[in-house]
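Numbering (mature numbering (1 follows the signal peptide of the UniProt record, and there is no 0)), first residue to last: -19 to -1, 1 to 299.
The next block holds one structure in the form of structure tokens; read it before the comments.
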């Protein structure tokens, strides 16, 4: 039975690295382009896209993290949605770091030796030191404390990790279709395969072999007590995996992507439900859960969660 379970999880998780094409909703907001902010780092200059809050405040700041196939030119949040415009119209400063394919937004041990990577990913350091230093500089003046951080898929688990270990910076963390129980049977193997597919990255260069403690350090199921004790406001969402409003396949490729999205979302839901049970078992009451009856691993559904989350986010940052 255990072998069968691992096979099922692997079959669902292997497409983690495959692109899921989708179109985001607009929430009736005017779409405005963000502006580039460059920050120095050990990885070289890193670009972020920034939207200023409509009311001019500098205290309410949210970071939006991308998924596994993050590209070096623009965040998926901007390419597929107007989350920057929407949140800034609602008086939240928005920061979208660009890049970090297969990084899990963590500090790696070494460059990936499968794809000729020249630098060692140091994304946790960038997001908690280099970037906030730049954002706090005179021309922006953004607050370094009580920020929010929200991510999808790969970025979902990363958002919770960063909030757990940097509570002064992040008082709010959101996981949208995140993988929050990476110690579950088959998950570590699935992440290994997904990262090979998304850029030929070697997971051993990230957290070492599967028995390395770094895997536990980055598993929300394991560090859940930190989120409870820190008093972090947490939002966790995953849909059922059943096709909904944004799934209207019209070609063989569309059907293929929809099938992938169904499997990925079902796995994210299982992980998120496990995290919910874990938080309940330790008496944590600082989490809002959203489990829509329909939805796949697709941008439209993630943007819908941003719209739903916005009042809670705005009230608990800054």
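C-beta: ideal position from N, C-alpha, C; glycine also.
A direct Cα-to-Cα measurement between residue 129 and residue 152 gives close to 6 Å. The continuous beta strand (DSSP E) containing residue 32 extends over residues 27 to 32. Per DSSP, residue 160 lies in no beta strand (DSSP E) segment and is marked neither H nor E. Around residue 209, the same chain offers 260, 263, 264, 265, 267 as residues with beta carbons nearer than 8 Å, after the five sequence neighbours per side are excluded. About 6 Å separates the beta carbon of residue 77 from that of residue 29, a gap short enough to meet the 8 Å contact definition. When DSSP assignments are scanned along the stretch 16 to 103, the uninterrupted stretches of beta strand (DSSP E) that are 3 or more residues long and fall wholly within it turn out to be 16 to 20, 27 to 32, 42 to 46, 74 to 78.
If you look at residue 142, you'll find it in the alpha helix (DSSP H) that goes 135 to 146. Fully enclosed beta strand (DSSP E) runs of no fewer than 3 residues are not present anywhere in the stretch 162 to 215. Between residue 75 and residue 64 a beta carbon distance of about 7 Å is seen, short of the 8 Å cut, so the two are scored as contacting. Approximately 6 Å separates the beta-carbon atoms of residue 48 and residue 136; this is inside 8 Å, confirming the contact. Taking a C-beta distance under 8 Å as the contact criterion, residue 148 and residue 211 qualify as a contact pair. In the DSSP assignment, residue 237 falls outside any beta strand (DSSP E) and lies within the alpha helix (DSSP H) extending over 233 to 262. With distances taken between CA atoms, residue 84 lies nearest to 187 out of 54, 187, 254, 174. Our two residues, residue 218 and residue 33, have alpha carbons roughly 26 Å apart in a direct line. Distance between residue 228 and residue 119, taken at the CA atoms: about 44 Å. Counting C-beta atoms within 10 angstroms of its own C-beta, residue 159 has 16 or more neighbours from the protein chains shown and is therefore classed as buried. Residue 272 sits in coil when the DSSP states are folded into three classes, being neither helix nor strand. Relative to residue 257, the option among 275, 195, 15, 201 whose CA is nearest is 201. By a beta-carbon distance limit of 8 Å, residue 80 contacts residue 53. Their separation comes to about 5 Å.
Residue pairing by DSSP puts residue 132 in a beta bridge opposite 46, 156.
In the three-state reduction of the DSSP assignment, residue 123 falls in the coil class. Taking the Cα of residue 59 as reference, the smallest distance to any Cα among 292, 283, 294 is reached at 283. Between residue 66 and residue 299, the alpha-carbon positions lie close to 19 Å from each other. Bridge pairing for residue 217: 156, 270 [DSSP]. Around the CB of residue 116, 16 or more other CB atoms lie within 10 Å, so the residue is classed as buried.
Of the residues 272, 207, 109, the one whose Cα lies closest to the Cα of residue 286 is 272.
Here the C-alpha atom of residue 101 lies approximately 22 Å from the C-alpha atom of residue 144.
Three or more Cβ pairs closer than 8 Å define a contact, and the stretch 231 to 242 falls short of that threshold against the stretch 162 to 178.
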